[in-house]
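The numbers in the sequence shown follow this note's numbering, run straight up by one, and end at 392. Following: one structure in C-alpha cells, then a few remarks.
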Amino acid sequence: MKVIGLMSGTSVDGIDAALTEVSGEGYRVQAKLIKGITYPYPDAVRSRILEICANQPVTLAEMADLDDAIAHHFIQAIQALDIDLTTVELIGSHGQTLHHRPPNADPMSPLGHTLQLGRGDLIAHITGCKTISNFRVADVALGGQGAPLVPIIDACLLSQPDRDLAVQNIGGIGNVTYLPPWDRQQTSEHLIPPALIPPAEINGWDTGPGNALIDWAATQLSEGRQTYDKNGDWAAQGTPCQQLINEWLKQPFFQMSPPKSTGRELFGTDYAQQCWLSAQAHSLSPADFLATLTDFTAATIELSYHQFLPRIPAETLIGGGGSRNQYLMKRIQQRLPKSKVVSTDQRQLDADYKEAIAFAILAYWRWHETPGNLPSVSGASRPCLLGEVWIP
1 MKVIGLMSGT SVDGIDAALT EVSGEGYRVQ AKLIKGITYP YPDAVRSRIL
51 EICANQPVTL AEMADLDDAI AHHFIQAIQA LDIDLTTVEL IGSHGQTLHH
101 RPPNADPMSP LGHTLQLGRG DLIAHITGCK TISNFRVADV ALGGQGAPLV
151 PIIDACLLSQ PDRDLAVQNI GGIGNVTYLP PWDRQQTSEH LIPPALIPPA
201 EINGWDTGPG NALIDWAATQ LSEGRQTYDK NGDWAAQGTP CQQLINEWLK
251 QPFFQMSPPK STGRELFGTD YAQQCWLSAQ AHSLSPADFL ATLTDFTAAT
301 IELSYHQFLP RIPAETLIGG GGSRNQYLMK RIQQRLPKSK VVSTDQRQLD
351 ADYKEAIAFA ILAYWRWHET PGNLPSVSGA SRPCLLGEVW IP
C-alpha cells in the first residue's frame, strides 16, 4: 500500500509528511520512503501550541479552533507533497500532542491520559483518503503509557540477527529502543516479536529531554531570531558545565524504571527556565549554556543506558532532528565510547522522516488488524489495535 505518514512531535517545529510504500504481512513488514517533506507551522499556531503545552489558559472554543487549524495544516502538509492523492490508499496521522500524563499510582485515577489534536475525520473528508488517527489512546486504556510507540517499528525495520542495537530518537523528547539480536526474516506473520523473544528483551522508554530545552534556549538567547541551534554550531563554541548537568540529572524522572514516558509537561518552558536560573550562579556565556543543555541531553541518554539497558550495545542509531545536531552527536559518542554512534541514515532509514514512516506502518497495521503496541515497552496489559479509522 502507498501510505502517507504524518508526524508532528514535541519540538512543534513542523509537520513531517512521508509518502511510504509499505508491504508485507504482520510483522514481516518493509517500508520504502518515496517522498518526504517538512511543512512548518505558521508562527502564530506554533506559539499557541507551545503556550497551551506550558499550561496557559485556553477556552473550549479556542481548543476546538486549534483542533481544526492543526488538521488543516496537516492537510496542507499532504498537499505540499505534490502527489496524486488518488494513488494513496491510506493516511496515518499522529496529530499534535497537547498533553501527556503517564499512568500513576493513584487508585482513583490509575490510567494515563494523552491528547493529540488534528482531526482525523477532517483529514479523511477533505483528502478523500482513508485515515487512521489517535493512535495512543487504546494503549493508555489498557494501562499503558501510550508512548513510545516506535520501538516495535524499530524492531521490524532495524533489528540485526547477529548483534544488539540501541535506536535513539531525538525529537523534542528523547526515546530509546533496545533491540536484542533478531532475525526478522524468520518471524511468522502470525506472531509478534515477544512470541519469539522474551518481552523484556525488546524494550523502550523516554530518556528525557531531546531538543526541547535546546530549542527554547536558542529562541530566548537569539531573541527569537532562530528557533533551534542549526548543526549545534552555537553550542560547539561553548563549554558544558558538568556541575550543572549533575544537578539537573537529580530530577526524579531519570531514576524511574521503565516503562516510562514524558513530555513538555515536565521538560517544557518551566523546566527550561529553572535550568536558566540555576545557570546564573555559574556565569555561563550563551554558548556555554547551550553547550550545557546539549550535553545534558547526551548525559540523560548515557545515564538511561547504564541504568536500564542489559549492556551498552555495539551500535547506537540516532533518528529525529537531533541526528542533525553534530555537536550533540559528538557528545553522545564521547559519552558512549564503546558504542558506534551513527544516524539511522546509515541503515537506509531516513533520520528526518523515521517517525512519520513509523506512523505510516502503524496505519497499515491498523487497516490489516495487526496489533501495533508492544506491552513490554508501554506497560499495557496486552497487545491491541491502535488508531481510529475514518472512511471518507
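Where a beta carbon is used, it is the ideal one built from N, C-alpha and C, also for glycine.
Per DSSP, reduced to three states, the secondary structure at GLY319 is strand. Boundaries of the alpha helix (DSSP H) harbouring ARG48: 43 to 53, taken from the DSSP string. Taken through DSSP and simplified to helix, strand or coil, SER133 comes out as strand.
If you ignore the 5 residues before and after ILE83, its C-beta comes within less than 7 Å of the C-beta of LEU19, LYS35, all in its own chain and listed in chain order.
Residue environment: PRO371 is assigned as buried (16 or more neighbouring CB atoms within 10 Å of its CB, all protein chains considered). Going by DSSP, GLU355 is part of the alpha helix (DSSP H) stretching over 354 to 367. Apart from the 5 residues on each side of it in sequence, GLY204 sits with its Cβ closer than 7 Å to the Cβ of PRO148, PRO151, ASN175, VAL176, THR177, TYR178, VAL377 in its chain, given in chain order. In this structure GLY224 is exposed. Its beta-carbon is surrounded by fewer than 16 other beta-carbon atoms within 10 angstroms. Between GLU355 and ASN169, the CB-CB gap stays under 9 Å.
Under the three-state reduction of DSSP, TYR271 is assigned to helix. Excluding five sequence positions before and after PRO42, the CB atoms of its chain that fall closer than 8 Å to its own CB belong to HIS73, given in chain order. Boundaries of the beta strand (DSSP E) harbouring LYS32: 28 to 39, taken from the DSSP string. Listed as beta-bridge partners of GLU21 by DSSP are LYS2, LYS32. Burial is judged here by how many other beta carbons sit within 10 angstroms of a residue's own beta carbon; SER323 has at least 16 and is buried.
The Cβ atoms of GLN145 and GLN116 do not sit closer than 9 Å to each other. ILE391 sits exposed, since fewer than 16 C-beta atoms from the chains shown fall within 10 Å of its C-beta. Put simply, the stretch 131 to 141 does not touch the stretch 322 to 342. Fewer than three CB pairs are less than 8 Å apart. Between PRO209 and ASP295 the beta-carbon gap is near 12 Å, outside 8 Å, which marks them as no contact. Within 10 angstroms of the beta-carbon of ASN246 lie fewer than 16 other beta-carbons, which makes it exposed. Taking the Cα positions, GLU369 is about 21 Å away from GLY143. By the Cβ test, the stretch 219 to 236 is in contact with the stretch 281 to 293, since at least three Cβ pairs between them sit closer than 8 Å. The Cβ atoms of TYR364 and MET7 do not sit closer than 9 Å to each other.
The three-state reading of DSSP puts GLU388 in strand, counting E and B together.
Judged by DSSP in its simplified three-state form, ASN246 adopts helix. For ARG382, no alpha helix (DSSP H) segment is defined, and its DSSP state is neither H nor E. Separation of ILE153 and ILE361 (C-alpha to C-alpha, rounded to the nearest whole angstrom) is 8 Å. Comparing alpha-carbon positions, the option among GLN226, THR292, THR316 lying closest to LEU249 turns out to be THR292. Close CB contacts of LEU309 within its chain, under the 6 Å cut and outside five residues either way in sequence, are with TYR178 (chain order). Excluding its 5 nearest sequence neighbours in each direction, THR131 has C-beta neighbours in its own chain below 7 Å: ILE91, SER93, GLY120, ILE123, ALA124, TRP390, listed in chain order.
Within a 10 Å sphere around the beta-carbon of ARG163 sit fewer than 16 other beta-carbons, which makes this residue exposed.
In this structure, ILE357 keeps its C-beta atom at 9 Å or more from the C-beta atom of GLY263.
Taking C-beta atoms as the reference points, ASN211 and GLY171 count as a pair closer than 9 Å.
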